[in-house]
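J.: Shown below is the structure under consideration.
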Amino acid sequence: MSEYEIVIGLEVHAELSTKTKIFCSCPTSFGAEPNTHTCPICMAMPGTLPVLNEKVVEYAVKAGLATNCEISRNSKNDRKNYFYPDLPKSYQISQFDKPLCEHGYVEIDTEEGKKKIRLLRIHIEEDAGKLNHDEFGGGSLVDLNRAGVPLIEIVSEPDLRSSQEVEQYLRKLKSILEYIEVSDCKMQEGSLRADVNVSVRKKGETKFGTRTEMKNMNSFRSIVRAIEYEANRQIDVLEDGGKIEQETLRWDEVSGKTFSMRDKEDAQDYRYFPDPDLVAIKLSDEYIENIKNGLPELPESRKKRYLEEYKLTEKDANIISSSKYLADLFEEATKICNNPKAVNNWIISDISRILNETEMEPIEIPFDSNQLGKLVILIDKGTISSSIAKKVLVELFENPRDPEEIIKEKGWIQISDEGAIKEVVLKVLSENPQSVSDYKAGKDKALGFLVGQAMKQTKGQANPQMLNKMFIEEIKRI
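Residues in the sequence shown are numbered consecutively from 19, following our numbering.
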């Protein structure tokens, strides 16, 4: 393995967040009943004519500017001919030789430092429909709700050299698209998916090896696993004296292996030609400049600001700025509670942990910044302890509402009454004479144990600062 270099290129498809499809007025919302978001145009009925959605062009140009691309002043739509059951026209309207955006780059962090991943192009196209396979009946049903949903295809140069770099690149690209609000990037819904091209070659060689392609992958974990398996498979074939066949592969998540789907020739003949029903796309300098001026603050800029303005660590600033939704939550909650350090700690620790455990995306966080900000205020005021706040956070994920309403409903208000706390302290001290002796002997951990016992007896509701102070005072008297 160490003698070989992996070469990877990606074709990333992102569904655009327009309200309607690319060439008709059908809605693009996800999850509707099959074939309810369709019309004669997206179903390719004879005599229908497509009309380009201007928002699609605007969003593609936004994506191009945010990824340092050159924007074409003169572009066009082309017909890409191929035959598949969920492609109603038997061709896809895409772009061939005149894409909207070319020659950009996305910068990623690697162990060796910053690395630019070059982009060959970004072009617009329509999505195909979807086949729903009936395992028991043995047939397939076509759902055309997705047919005509607008896509941008972001094609990288073969600059990626490891599965780790691929993950970094995809996460950065996802982050940029979220920030400029052109795609919701919900991978579980297919809004962001990638075709992964993998080849290997001996280190030092300049000629690329024969590549294989894994299509429509929509999970970072699966993409990383698939690249590592496929690279090792190709190396084993070459080491055994075999030859890599150019083909399209299917990744099987359960077995952790790739399987051949079909051979792929070097240049498949899609018989591209300009779509005669659509006019050329001509963009003025003023149009492009207006979109450029309207771009929001991007991830790198936010990260830099968080380091300077909020004094976050490099690691924390990286995590929060990588997601628009986490960054917005952080900033807006900070405005409410004026405690950026506490908000940062909640996002980095407990919120991120729950997101990982539940496999949720930040966009799916059910509570808002106002509720998070109020939670921090309740801790700062001493109304609840940190341990109770963790319980409130779980409630916010399960049934979001005002944190004050939660603690009143659950009876979680912190005990700060000196008399009540003293009663608990004296009880714990009488039950744990050994811990008292240990603390007097200089074992500071014994105090933590005693406080923990008191918190257990009060179900986490006692004020921990008052407990600490009162335990020390009472032990001195013993």
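Note that the Cβ used here is the ideal one computed from N, Cα and C, for glycine as well.
On the criterion of 16 or more Cβ atoms from any shown chain inside 10 Å, does Thr-224 qualify as buried, or is it exposed?
T.: exposed
J.: Excluding sequence positions up to five away, which residues of its chain have a Cβ less than 6 Å from the Cβ of Glu-207?
T.: Phe-48
J.: Indicate whether the contact test is met: 3 or more Cβ pairs, each with one atom in the region 389 to 406 and one in the region 339 to 355, closer than 8 Å.
T.: yes
J.: Kindly indicate which residue of Val-361, Asn-234, Glu-185 and Ile-354 has the alpha-carbon position closest to the one of Gly-329.
T.: The question names Gly, but residue 329 in the sequence shown is Lys. Ranked by Cα distance from Lys-329, the options Val-361, Asn-234, Glu-185 and Ile-354 are led by Val-361.
J.: Out of Glu-153, Ile-170 and Leu-149, point me to the one whose CA is closest to Val-160's CA.
T.: Leu-149
J.: Leaving out five residues on either side along the sequence, give the residues of the same chain with a beta carbon under 8 Å from the beta carbon of Thr-276.
T.: Thr-230, Met-232, Ala-244, Tyr-247, Glu-248, Arg-251, Leu-267, Arg-268, Trp-269 and Asp-270
J.: Could you pull out every residue in the same chain whose Cβ sits closer than 6 Å to the Cβ of Tyr-343, ignoring the five residues on either side in sequence?
T.: Hits under 6 Å: Pro-380 and Ile-381.
J.: In terms of alpha-carbon separation, which member of Ile-253, Glu-199 and Ile-194 lies closest to Val-216?
T.: Ile-253
J.: Note down the Cα distance separating Gln-479 from Lys-359, rounded to an integer number of angstroms.
T.: 23 Å
J.: Would you mind sorting Ala-165 into buried or exposed? The rule is 16 or more other CB atoms within 10 Å of its CB.
T.: buried
J.: Please state the DSSP three-state secondary structure of Leu-316.
T.: Three-state DSSP puts Leu-316 in coil, outside helix and strand.
J.: Do Glu-33 and Cys-87 have their CB atoms nearer than 8 Å?
T.: no
J.: Is it true that the region 307 to 316 meets the region 109 to 116, where meeting means three or more beta-carbon pairs spaced less than 8 Å apart?
T.: no
J.: According to DSSP, what are the bridge partners of Thr-230?
T.: According to DSSP, residue pairing for Thr-230 in a beta bridge involves Val-216.
J.: According to DSSP, what are the bridge partners of Cys-119?
T.: Ile-89 and Ile-140
J.: In terms of DSSP beta bridges, what is Arg-97 paired with?
T.: Ile-111 and Phe-291
J.: Just list the residues that DSSP pairs Lys-170 with in beta bridges.
T.: Residue identity differs from the one stated: residue 170 is Ile in this sequence, not Lys. Ile-170 pairs with Ala-32 and Ile-142.
J.: So Ile-431 and Ile-402 are supposed to be a Cβ contact under 8 Å. How far apart are they, rounded?
T.: 7 Å
J.: Report the rounded CA-to-CA distance for Leu-325 versus Lys-133, giving the unit in angstroms.
T.: 21 Å
J.: From Lys-321, Arg-371 and Val-218, pick the residue whose C-alpha is nearest to that of Ser-20; which is it?
T.: Nearest of Lys-321, Arg-371 and Val-218 to Ser-20, Cα basis: Val-218.
J.: If you check the beta carbons only, do Val-124 and Tyr-187 fall under 8 Å apart?
T.: yes
J.: What first and last residue would you give for the beta strand (DSSP E) that runs through Ser-158?
T.: 158 to 161
J.: Roughly how many whole angstroms lie between the Cα atoms of Asn-95 and Cys-42?
T.: 15 Å
J.: Just verifying my parser: in three-state terms, what is the DSSP assignment at Val-25?
T.: strand
J.: For Ile-306, which of helix, strand or coil comes out of DSSP?
T.: In the structure shown, Ile-306 falls within a helical segment according to DSSP collapsed to helix, strand and coil.
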